[in-house]
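Q: The structure that follows is given in the form of structure tokens.
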Amino acid sequence: MAKLIIQISGRYGRNTKFIKYSGEKLLVGRGLTNDIVVSDPYVAPQQIQLYQDGTQWKIKVLDRTNPVMINGEVLADDTVFVSSGDNITIGRTHLGLFSEDHPVEATRKLVLSNWLYQGKFRSFLPVMLLIIVCLLQLFSEYQSLSATVKWGELVSGALLVAFVILCWAGLWALIGRLLRHQPHFFAQLFFTTLIFGVSIAGGTLHEYAEYMSNSIAIGEIVLWVFSFSVLTALLKFNLIYASNLRNTTMISMIFNGCLILFIYGFSSIGDGEFSSSPQYTMVVKPPFAQVISNQSIDDYLRDYEAQFSELDDSKIDR
Amino acid sequence: MIINRCFVSLLVGLKYLLISFQLWVLLGALLVVPSSYAGTASDLFNDLKQRVYQIRVIDVASGNKTSIGSGFQVTKDGYVATNFHVVSSYVHEPDKYRLEAVNYDNDTDEIDLLGFDVIHDLAVVKLKTIREDFFQLNLADLSKGDRVYSMGNPHDLAMTIIEGNYNGLIATSRYQKILFSGSLNAGMSGGPAFDENGRIIGVNVSKGGEQLSFLVPAKKLDLLLNSILEQGAIEDFEKHIETSLIRDQNNFYKNLFAEKWDNVPFMELVLPSTISESLKCWGHTVDKKDILYNGVHQHCQSQDEIYLSRGLYTGSLTYDYEWMDTDDLNRLQFYNLIQTRFKHGSLGNADKEEDVTNFQCHSSFTEISNHSWRISNCLRAYKKYSGLYDSVILLASVDENDKGIIIKMGAAGISKSNATQLIKTFIGAIRWPN
């Protein structure tokens with residue numbers, strides 16, 4: 001007799017449990033006389049019967065108050081054969097049916113498991129990294145000052161960054177606690193801090209790109225690509241430790257791609273509209289950042305004169 | 319014989335008596351009759367009030383006035399002088415507005431616009447109802463301190479007269495203006511300014527401050543009247559404005575380029591100082607203890623602008639030097655400082671889409687006087703006046719780690735050839751010997 005393994009999942013895959021059954025038939029329903037009792041008010045007292053027919057299992061629908069679905073489709077016939085891997089939906093409960101020889105997913109590797117889960121390094125590394133990133137923020141702000149040094153403001157800025165990192169990591173730890181019953185707070189803290197550090201270090205990358213190429217467009221492209229990469233990496237690692245999702249990279253890329261597009265679209269709404277102020281590149285960087293060679297005054301004046309053709313009478317809506 | 323001698327003596331005595339009597343009468347008259355200044359304002363007002371009008375711009379659709387000013391009759395044919403800015407709404411939208419003149423007795427008359435001088439802010443309209451009471455012009459020069467009177471209708475309250483003194487032409491003004499120490503107010507624009515004999519010496523144009531106002535000299539009005547008499551009324555208003563603006567900026571820049579510019583040391587550079595008498599320059603330094611750099615700033619700006627319409631002025635010229643050096647900032651910090659200051663100056667002359675295009679900006683790295691400079695230049699065109707542009711340019715030196723300069727220049731209402739020549743001459747004058 002083939003054993004039947006039944007995976008019982010509540011709403012959104014919560015409270016999953018497995019039952020291994022080696023009998024010939026079993027009743028499933030909300031009533032207490034059933035072999036498998038399902039605590040779901042949308043399931044009938046006696047909802048379905050699973051029974052062996054030769055070497056295969058069959059399902060029989062006993063109550064049609066609510067539809068019984070198999071693999072997402074409503075079961076029209078009263079009795080059909082089922083196979084290993086089929087998903088049955090009764091009410092809000094999902095039943096996965098498996099045979100013993102059904103293949104299981106390969107073991108997923110925990111990222112940085114060796115030192116993250118060892119007791120003595122569990123908190124040390126993320127906290128050290130947080131301190132380093134706060135110092136990096138302080139250093140970055142110090143390099144950005146131009147007129148006066150206000151240490152109070154610089155330190156406040158660094159502490160604010162630490163606060164934001166802790167809140168973000170805490171939020172995802174809470175999500176992990178709810179979804180997987182494991183917060184993995186220090187793992188969340190480590191990766192959140194690491195990615196914040198990368199974003200602080202690379203914060204002026206787009207300005208240098210704009211200055212070196214003398215192109216606002218290139219600066220913007222670098223900004224959007226960098227932002228997309230940082231956000232995707234952050235969300236990916238947050239999802240790895242907070243959920244059981246498989247394609248975290250793809251999910252992060254799609255989500256952040258949509259977010260970037262939305263922000264870009266929103267910020268571009270006013271483009272092309274009238275402005276009485278000139279829109280020009282305002283970036284100036286130290287001498288080492290100038291890679292484009294200087295043009296002569298004559299070339300500059302030639303380009304200047306050519307600019308007037310952009311404002312030709314024919315191009316102006318008078 | 320004795321009788322004859324007595325008679326002759328009597329006649330001589332009578333003669334001297336008569337002479338002394340005349341002298342006494344004259345002396346008495348001098349003492350008793352009021353001086354020519356006492357009560358003159360009142361007399362002048364009563365004598366001249368019928369020559370002065372309130373000029374109204376009426377919105378055709380609603381029938382109500384949208385703006386007011388003053389004007390005064392200057393010929394027997396009913397020509398009335400006022401300011402261009404008083405009638406500018408009508409000039410730009412003659413289908414939407416019409417003009418009216420209201421005299422002292424509150425009689426309203428329709429008026430036609432004959433001509434205007436946008437550069438000097440003058441206009442001439444013509445009454446439909448002819449009244450023969452008009453002002454004469456005094457084209458002679460006055461002396462500083464001479465008594466001057468002005469009339470007009472301030473804030474639509476009533477026809478008034480004010481007194482002040484003539485203080486000569488403003489030396490640094492690009493367009494000749496009289497400095498009048500009287501208190502003009504809104505609504506008096508376009509009104510007459512006259513001497514003690516009631517002859518026009520200028521036209522009210524603007525207020526400068528407390529007891530400080532400006533008048534357009536009568537000579538400019540005379541030129542406008544003559545041009546109307548010779549060439550007739552203007553038909554294409556916008557074209558006339560365009561022609562005037564182009565001619566005016568051509569004259570200004572021609573004179574500017576013809577003069578030898580005074581190049582003076584400015585920190586480590588040698589730069590043009592005041593390139594025109596019509597520009598005023600100011601400066602200050604930044605050297606406070608808690609500020610980590612030293613700064614020296616010079617700002618030069620023209621004092622005059624040409625009014626075209628509400629929210630649209632032109633004709634200004636401005637330039638700015640800002641030197642910075644430091645011993646305390648590293649190169650990253652110093653260039654953050656340069657970056658925060660790397661902003662185009664604002665011409666502040668136009669803010670409506672119907673008047674000007676968006677700015678088109680280009681940036682580049684250019685070698686000037688053996689140094690590397692970051693240059694941003696932006697241009698925009700006037701939609702109604704072909705061939706005129708606003709040009710702003712911004713330069714920053716970018717090859718020294720602890721010192722640098724930012725130079726800005728802006729010219730409103732300039733032609734392509736003049737803008738190119740201005741930048742060429744200005745950049746060509748920059749010297750940085752070190």
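One line per chain: the protein sequences are V and P, in this order. Quick note on the working numbering: the first sequence kicks off at 1 and runs consecutively. Quick note on the working numbering: the second sequence kicks off at 319 and runs consecutively. Beta carbons are placed, not taken as given, at the ideal position from N, Cα and C, and that holds for glycine.
1) From the DSSP secondary-structure annotation, give me the bridge partner or partners of Asp377 of chain P.
2) Helix, strand or coil for His438 of chain P, going by three-state DSSP, please let me know.
3) If you follow the alpha helix (DSSP H) that Thr636 of chain P is part of, which residue opens it and which one closes it?
4) Check whether the region 128-146 of chain V touches the region 193-211 of chain V, counting contact only when three or more Cβ pairs, one atom from each stretch, lie closer than 8 Å.
5) Can you list the residues of chain V that Asp554 of chain P reaches, using a CB-CB cut of under 8 Å?
6) I need the straight-line Cα distance from Thr670 of chain P to Gly629 of chain P, nearest angstrom please.
7) Could you check what DSSP says for Gly49 of chain V in three-state terms: helix, strand or coil?
8) Can you pull the chain P residues whose beta carbon is under 9 Å from the beta carbon of Leu301 of chain V, in chain order?
9) Kindly give me the distance between the Cβ atoms of Leu712 of chain P and Ala147 of chain V, rounded to whole angstroms, as I take these residues to be in contact under 8 Å.
10) May I ask which residues mark the beginning and end of the beta strand (DSSP E) holding Phe390 of chain P?
11) Would you list the one or two residues that DSSP bridges to Ala729 of chain P?
12) Run through chain P and tell me which residues come within less than 9 Å of Gln279 of chain V, C-beta to C-beta.
13) To which residues does DSSP link Asn483 of chain P through a beta bridge?
14) Of all the alpha helix (DSSP H) runs that stay within the bounds of the region 227-251 of chain V, which reach a length of 4 or more residues?
15) Is there at least one Cβ from chain V nearer than 7 Å to Arg649 of chain P's Cβ?
16) Output yes if chain P places a C-beta closer than 7 Å to the C-beta of Ile218 of chain V; else output no.
17) In chain P, what lies closer than 8 Å to Ile292 of chain V by C-beta?
18) Please report whether the beta-carbon of His662 of chain P lies at a distance below 7 Å from any beta-carbon of chain V.
19) Please determine whether the Cβ atom of Asn87 of chain V lies at a distance below 6 Å from any heavy atom of the ligand MN.
20) Classify Gln182 of chain V as buried or exposed, calling it buried when 16 or more other Cβ atoms lie within 10 Å of its own Cβ.
21) What does Ile200 of chain V reach in chain P if we use C-beta pairs closer than 7 Å?
22) With a cut-off of 7 Å, does the C-beta of Met282 of chain V fall near any C-beta of chain P?
23) Does any C-beta atom of chain V lie closer than 7 Å to the C-beta of Gln529 of chain P?
24) Could you tell me which of P:Gln616, P:Leu650, P:Lys394, P:Ser385 sits nearest to Met585 of chain P, measuring between CA atoms?
25) Closest by CA to Leu235 of chain V, which one among V:Arg302, V:Ile251, V:Val80, V:Ile221?
26) Which residues in the same chain have their Cβ closer than 6 Å to the Cβ of Val409 of chain P, if we skip the five residues on either side of it in sequence?
27) Between the alpha carbons of Pro352 of chain P and Asn485 of chain P, how many angstroms are there, rounded?
28) Taking the alpha carbon of Trp57 of chain V as the point to measure from, which residue in V:Ala173, V:Glu24, V:Asn238 has its own alpha carbon closest?
29) Quick check on the burial criterion: 16 or more other C-beta atoms within 10 angstroms. Buried or exposed for Gln549 of chain P?
30) Using 7 Å as the limit for Cβ to Cβ distance, is Ile297 of chain V near chain P?
31) Measure the Cβ-Cβ separation of Ala233 of chain V and Ile175 of chain V and say whether it is below 7 Å.
32) Run down chain V in chain order and give the residues with a C-beta less than 7 Å from the C-beta of Gln616 of chain P.
33) Per DSSP, Val225 of chain V forms a beta bridge with which residues?
34) Just to confirm my understanding: we take Gly346 of chain P, look at its own chain, exclude 5 residues before and 5 after, and list those with CB closer than 6 Å. What are they?
35) List the residues of chain V that Thr658 of chain P touches, going by C-beta distances under 7 Å, in chain order.
36) Output, in chain order, the set of chain P residues within a Cβ distance shorter than 7 Å of Asp313 of chain V.
A: This is what the structure holds:
1) P:Tyr415
2) Coil, per DSSP.
3) Where Thr636 of chain P is concerned, there is no enclosing alpha helix (DSSP H), although the beta strand (DSSP E) it sits in stretches over 635-643.
4) Yes, the region 128-146 of chain V touches the region 193-211 of chain V.
5) The contacting residues do not exist; Asp554 of chain P stays about 14 Å from chain V at best.
6) The question names Thr, but residue 670 of chain P is Lys in the sequence shown. Take the alpha-carbon of Lys670 of chain P and the one of Gly629 of chain P: they are about 7 Å apart.
7) As written in the sequence, residue 49 of chain V is Gln, which differs from the Gly given in the question. Three-state result, Gln49 of chain V: strand.
8) Thr738, Ile741, Lys742, Ile745
9) Not a contact, Cβ separation roughly 20 Å.
10) 383-391
11) As a beta-bridge residue in DSSP terms, Ala729 of chain P pairs with P:Leu635, P:Ser709.
12) Asn676, Phe677, Cys679, Cys696
13) P:Arg465
14) You should have found no qualifying run.
15) Closer than 7 Å to some Cβ of chain V, the Cβ of Arg649 of chain P qualifies, so yes.
16) With 7 Å as the cut-off, Ile218 of chain V does not count as an interface residue toward chain P.
17) By Cβ distance, chain P contributes Phe683.
18) Under the Cβ criterion of 7 Å, His662 of chain P is counted among the residues facing chain V.
19) This structure lacks the ligand MN, and indeed carries no ligand of any kind.
20) exposed
21) In chain order: nothing, as chain P lies at least about 15 Å away.
22) yes
23) no
24) P:Gln616
25) It is V:Ile251 whose Cα lies nearest to the Cα of Leu235 of chain V.
26) Phe555
27) Confidence at Pro352 of chain P is low in this model, with a pLDDT of 38, below 50, so the placement of that residue is unreliable and no value is reported for it.
28) V:Glu24
29) exposed
30) yes
31) no
32) Per Cβ cutoff of 7 Å: no residues; Gln616 of chain P is ~20 Å from chain V at best.
33) Partner(s): none; Val225 of chain V has no beta bridge.
34) In this predicted model, Gly346 of chain P has a pLDDT of only 45, less than 50, meaning its place in the structure is not dependable enough to derive any value.
35) Ser146
36) Simply Ser704.
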